[in-house]
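Here is the structure we will look at, set down as structure tokens.
Below, the structure written as structure tokens:
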């Protein structure tokens with residue numbers, strides 16, 4: 001069957017199998033010459049693609065849960081959405097969530113995902129206590145920070161190349177309500193925006209949207225959103241809970257699946273052009289800027305997963321698909337580097353609708369985990385002629401600055417870029433090769449020269 | 453709170469249905485051959501839904517064990533869902549009878565054996581719902597899977613007769629006819645997207661059919677009309693089609 005991930009690029013013809021017990025998985029792993037695990041397919045590029053794919057979605061039981069500590073063990077196919085549904089009403093929240101709840105826990109570990117709380121609470125793997133992994137010969141190995149540490153480091157953020165994650169033990173965090181107190185702050189330019197991040201260092205959650213088409217003095221103008229979990233008994237924005245519209249509502253409600261609108265078809269590619277994107281960005285900026293109410297209380301879905309309310313939103317980019325270009329730059333050069341990247345985008349005329357800026361902290365979980373202390377910039381581009389050449393130019397800016405690209409978004413960087421930007425790239429590839437004889441490989445790992 | 457017995461609970465539909473029933477406050481008895489896997493499913497249900505889920509060993513092909521199995525249940529079920537089935541290999545079944553027999557015995561003989569026992573109990577108690585998972589393949593025999601299809605046709609006829617028998621007593625029988633379902637049984641097949649249901653969707657349809665006292669449900673619903681059309685094709689033409 002035809003398979004592609006969230007960016008709809010690339011598309012491959014693949015044989016997809018699934019399993020719900022270890023015996024069946026062992027047969028699959030041992031008999032296949034090469035294979036790659038795949039969960040919800042919400043990575044953007046070719047990370048979970050290969051001509052042979054094993055889907056983890058049927059392997060989705062919750063194995064153990066400790067109501068006292070919030071420590072959970074689940075199989076790799078369990079999704080964040082399921083965790084929210086099951087444990088939200090009991091007062092537990094995933095330690096880290098990305099921009100969508102439709103990802104599996106196995107995927108969260110393999111991509112060592114970060115969220116809006118990265119600057120304070122780190123990535124998903126920071127909260128992982130232990131894992132069970134099936135290696136290339138079908139053996140099941142327990143790994144953690146004290147046991148089989150090398151395997152643990154190859155698996156966290158390792159893009160599924162060290163083995164197939166069976167179960168993950170990690171900690172959920174305590175919440176007392178389903179709501180988030182959100183503040184919205186507008187910034188006129190990049191300096192202002194980064195100053196807002198500095199001023200928001202104490203906030204658990206922060207993220208900024210920026211208008212990547214604004215040039216000159218207005219370059220980097222944007223809107224920062226920051227948030228905290230509302231406590232069940234707290235007053236909200238100087239008002240009581242009643243005034244904030246929470247009266248009479250049990251604080252832990254609303255964790256069920258909500259209705260979604262759906263993009264029924266692929267939109268024609270021309271829909272997103274320079275003019276429409278410029279219009280969207282300006283409208284968004286001014287609507288946020290002009291909004292009188294700078295803080296509000298909203299449910300967690302609206303705060304964390306605004307795009308999840310539109311099913312298949314990736315289709316608005318048309319059949320040819322899109323790529324998300326996400327890089328991180330070291331803190332000292334984040335400002336200058338971001339400027340140069342934004343200049344490049346503005347010069348090229350490739351409009352990006354969604355441009356997101358976020359402060360990350362250092363990360364030592366995996367050998368090729370993405371985050372480092374600095375700013376990460378993410379831009380969505382519909383695929384057009386000339387785009388990849390422009391992205392290659394952006395790669396050079398990122399490498400010069402000592403930054404790197406996020407692997408679970410990447411669909412096109414060259415192996416050379418990977419090796420020059422990830423300091424452990426060679427060692428990672430060597431270890432994976434030694435440990436698995438390249439049993440687990442994806443189009444991406446081949447492209448990056450990890451398994452080829 | 454009602455008691456539900458799922459026969460074939462390790463199947464993908466069985467697992468999905470167990471979740472739906474547990475989420476709707478049913479006590480569950482999960483029955484299948486491989487009890488180790490049942491146990492992990494049961495503990496998942498207990499954590500997820502704080503549901504009461506017991507596991508029981510059950511072998512559809514071992515008909516002699518069925519009376520003892522049913523008597524041994526800790527609680528009398530109010531709902532019995534018969535999900536176990538075996539697709540098998542049509543071409544193997546044509547040349548090797550043991551494969552044909554396994555298909556027939558799993559899909560038909562085994563189901564008749566256990567449901568006879570359940571039916572007697574429900575008739576006596578004057579209540580209860582039996583759900584049988586048959587298949588659209590039983591609506592008309594096709595060259596590519598008529599051994600499976602004929603076993604399911606037999607099962608559909610059995611369920612229809614059983615419904616007729618139990619109606620006066622106040623017990624109900626639901627026949628479920630799934631079309632394509634993305635399960636272990638169909639792994640690796642290229643299935644048409646619009647006609648293929650996820651196990652979760654089938655489970656939801658089964659639960660709804662149970663609650664609403666439906667007689668025969670197709671899932672996805674479109675299959676009802678496809679099968680009407682398929683049944684309308686005259687045999688003289690049908691026999692020449694490659695189906």
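Chains as they are written, first to last, in the numbering used here: chain H, 1 to 452; chain E, 453 to 695. Where a beta carbon is used, it is the ideal one built from N, C-alpha and C, also for glycine.
Check your understanding: For residue 459(H) versus residue 168(H), is the C-beta distance shorter than 9 Å?
Key -> Absent from the model: residue 459(H). The displayed extent of chain H is 1 to 452, so no value can be given.
**Study point:** Interface residues of chain H facing residue 496(E) [CB-CB closer than 7 Å]
**Key:** Taking the first residue of the second chain as position 1, residue 496(E) is located at position 44. Taking a Cβ-Cβ threshold of 7 Å, the residues of chain H close to residue 496(E) are 61 and 62, in chain order.
Exercise for review: Rounded to whole angstroms, what's the CA-CA distance from residue 545(E) to residue 587(E)? Just pull it up for me.
Suggested key: Here residue 545(E) is taken as the residue at index 93 of the second chain, counted from 1. Here residue 587(E) is taken as the residue at index 135 of the second chain, counted from 1. Cα to Cα, the separation comes out at about 18 Å.
**Study point:** Amino acids of chain H, ordered along the chain, whose beta-carbon sits closer than 8 Å to that of residue 489(E)
**Key:** Here residue 489(E) is taken as the residue at index 37 of the second chain, counted from 1. Annotation: Cβ neighbours of residue 489(E) in chain H (cutoff 8 Å, chain order): 20 and 21.
Practice item. Assign residue 369(H) to one of three DSSP states: helix, strand, or coil. Key: The count along the first chain starts at 1 and reaches residue 369(H) at position 369. In the displayed model, residue 369(H) falls within coil according to three-state DSSP, outside both helix and strand.
Check your understanding: Mind pulling the chain H residues with CB within less than 8 Å of residue 493(E)?
Key -> Position 41 of the second chain holds residue 493(E). Chain-order list of chain H residues neighbouring residue 493(E): 61, by C-beta distance under 8 Å.
Check your understanding: Are the C-beta atoms of residue 3(H) and some chain C residue less than 9 Å apart?
Key -> Included in the structure are the protein chains H and E, with no chain C among them.
Practice item. Verify the CB distance criterion: does residue 501(E) have a CB-CB separation below 9 Å to chain H? Key: Taking the second chain and counting its residues from 1, the one referred to as residue 501(E) is at position 49. Against chain H, the CB of residue 501(E) has a partner CB under 9 Å away; the residue lies at that interface.
**Study point:** Coil, strand or helix - residue 182(H) by DSSP
**Key:** Your numbering for residue 182(H) matches position 182 in the first chain. Three-state DSSP puts residue 182(H) in a strand.
Review point. Can you find a CB in chain E that lies within less than 9 Å of the CB of residue 58(H)?
Key: Translated into positions along the first chain, residue 58(H) becomes position 58. Interface residue, yes.
Exercise for review: Tell me where the beta strand (DSSP E) around residue 538(E) begins and ends.
Suggested key: The residue you call residue 538(E) lines up with position 86 of the second chain. It is not in any beta strand (DSSP E) - residue 538(E) carries neither H nor E in the DSSP assignment.
**Study point:** First through last residue of the beta strand (DSSP E) which encompasses residue 522(E)
**Key:** Position 70 of the second chain, counting from 1, holds the residue named residue 522(E). Not the beta strand (DSSP E): residue 522(E) falls in the alpha helix (DSSP H), residues 518 to 523.
Exercise for review: Please list, in chain order, all residues of the same chain as residue 113(H) whose beta carbon is under 6 Å from its beta carbon, the five residues on each side excluded.
Suggested key: Counted from its first residue, the first chain places residue 113(H) at position 113. Here the set comprises 98 and 124.
**Study point:** C-beta contact flag for residue 222(H) and residue 195(H) at 9 Å
**Key:** Taking the first residue of the first chain as position 1, residue 222(H) is located at position 222. Taking the first residue of the first chain as position 1, residue 195(H) is located at position 195. Result no, Cβ atoms of residue 222(H) and residue 195(H) do not sit closer than 9 Å.
Practice item. Would you please verify whether the beta carbon of residue 65(H) is less than 9 Å from any beta carbon of chain E? Key: Residue numbering aside, residue 65(H) sits at position 65 when the first chain is read from its first letter. Taking Cβ atoms only, chain E reaches closer than 9 Å to residue 65(H), which makes this a yes.
Practice item. Determine which residues of the region 79 to 109 of chain H have a Cβ less than 7 Å from any Cβ of chain E, and write them out in chain order. Key: With the criterion set as a beta carbon lying under 7 Å from some beta carbon of chain E, the members of the region 79 to 109 of chain H are 86, in sequence order.
**Study point:** Outcome for residue 356(H) when other beta-carbon atoms lying within 10 angstroms are tallied against a minimum of 16
**Key:** Against the first chain, residue 356(H) aligns to sequence position 356. Buried is the call here.
Practice item. State buried or exposed for residue 689(E), treating a residue as buried only when at least 16 other CB atoms are found within 10 Å of its CB. Key: Along the second chain, read from residue 1 onward, the residue named residue 689(E) stands at position 237. Counting Cβ neighbours within 10 Å, residue 689(E) comes out exposed, since fewer than 16 surround it.
Check your understanding: Along chain H, which residues have their Cβ under 8 Å away from the Cβ of residue 464(E)?
Key -> Here residue 464(E) refers to the residue found at position 12 of the second chain. 20 and 58, listed in chain order.
Point to revise | Sequence ranges, alpha helix (DSSP H) only - wholly within the region 543 to 607 of chain E, length at least 4 | key: Complete alpha helix (DSSP H) runs here, min 4: 549 to 556 and 562 to 577.
Point to revise | 6 Å CB neighbourhood of residue 243(H) in its chain, flanking five on each side removed | key: Along the first chain, one-based indexing puts residue 243(H) at 243. Note that residue 243(H) has pLDDT 47, beneath the 50 cutoff, so the model's placement of it is unreliable and the number below is only indicative. Excluding positions up to five away in sequence, the list is empty.
Exercise for review: Less than 8 Å between the CB atoms is what I'm expecting for residue 136(H) and residue 16(H), so what's the real figure, rounded?
Suggested key: Here residue 136(H) corresponds to residue number 136 of the first chain, with the count starting at 1. Here residue 16(H) corresponds to residue number 16 of the first chain, with the count starting at 1. That pair is no contact at about 20 Å.
**Study point:** Opening and closing residue of the alpha helix (DSSP H) in which residue 677(E) lies
**Key:** Locating residue 677(E) in the second chain gives position 225, where the first residue counts as 1. Following the DSSP letters along the chain, one finds residue 677(E) inside the alpha helix (DSSP H) bounded by residues 674 to 684.
Review point. Over what stretch of residues does the beta strand (DSSP E) that includes residue 358(H) continue unbroken?
Key: Locating residue 358(H) in the first chain gives position 358, where the first residue counts as 1. If you look at residue 358(H), you'll find it in the beta strand (DSSP E) that goes 355 to 360.
Check your understanding: residue 1(H) bridges to which residues according to DSSP?
Key -> Along the first chain, one-based indexing puts residue 1(H) at 1. In the DSSP output, where bridge partners are listed per residue, residue 1(H) has none listed.
Exercise for review: Verify whether the separation of the beta carbon atoms of residue 444(H) and residue 45(H) is less than 9 Å.
Suggested key: The residue you call residue 444(H) lines up with position 444 of the first chain. The residue you call residue 45(H) lines up with position 45 of the first chain. Yes, the pair counts as a contact, with Cβ atoms nearer than the cut-off.
Check your understanding: Straight-line CA distance for residue 173(H) to residue 93(H)?
Key -> For this step, residue 173(H) is matched to residue 173 along the first chain. For this step, residue 93(H) is matched to residue 93 along the first chain. When rounded, the distance between both Cα atoms is 5 Å.
Practice item. Compare the C-beta of residue 604(E) with all C-beta atoms of chain H and state if any pair is closer than 9 Å. Key: Position 152 of the second chain, counted from the first residue, corresponds to residue 604(E). Residue 604(E) does not count as touching chain H.
Check your understanding: Of all Cβ atoms in chain H, is any one closer than 9 Å to the Cβ of residue 486(E)?
Key -> Counting from 1 along the second chain, the entry for residue 486(E) is found at position 34. Yes, because at least one Cβ of chain H sits closer than 9 Å to the Cβ of residue 486(E).
Practice item. Leaving aside the five residues before and after residue 227(H) along the sequence, list all residues of the same chain whose C-beta is less than 8 Å from its C-beta, in chain order. Key: Position 227 of the first chain holds residue 227(H). Excluding residues within five positions, the ones whose Cβ falls inside 8 Å are 116, 180, 181, 182, 183, 203, 204, 205, 206 and 303.
Check your understanding: So, do the region 390 to 401 of chain H and the region 142 to 156 of chain H have three or more beta carbon pairs nearer to each other than 8 Å?
Key -> Short answer: they don't touch.
**Study point:** residue 430(E) (DSSP reduced to helix, strand or coil)
**Key:** Here chain E comprises residues numbered 453 to 695, so residue 430(E) is not present and cannot be evaluated.
Point to revise | residue 159(H) versus residue 300(H) - alpha carbon distance | key: The residue you call residue 159(H) lines up with position 159 of the first chain. The residue you call residue 300(H) lines up with position 300 of the first chain. When rounded, the distance between both Cα atoms is 28 Å.
Check your understanding: When the distance is taken between beta carbons, is residue 470(E) closer than 9 Å to residue 493(E)?
Key -> Here residue 493(E) refers to the residue found at position 41 of the second chain. Here residue 470(E) refers to the residue found at position 18 of the second chain. Yes, they are a contact pair.
**Study point:** Buried versus exposed, by CB contacts within 10 Å (16 or more), residue 147(H)
**Key:** Translated into the one-based positions of the first chain, residue 147(H) becomes position 147. Under this definition residue 147(H) is an exposed residue.
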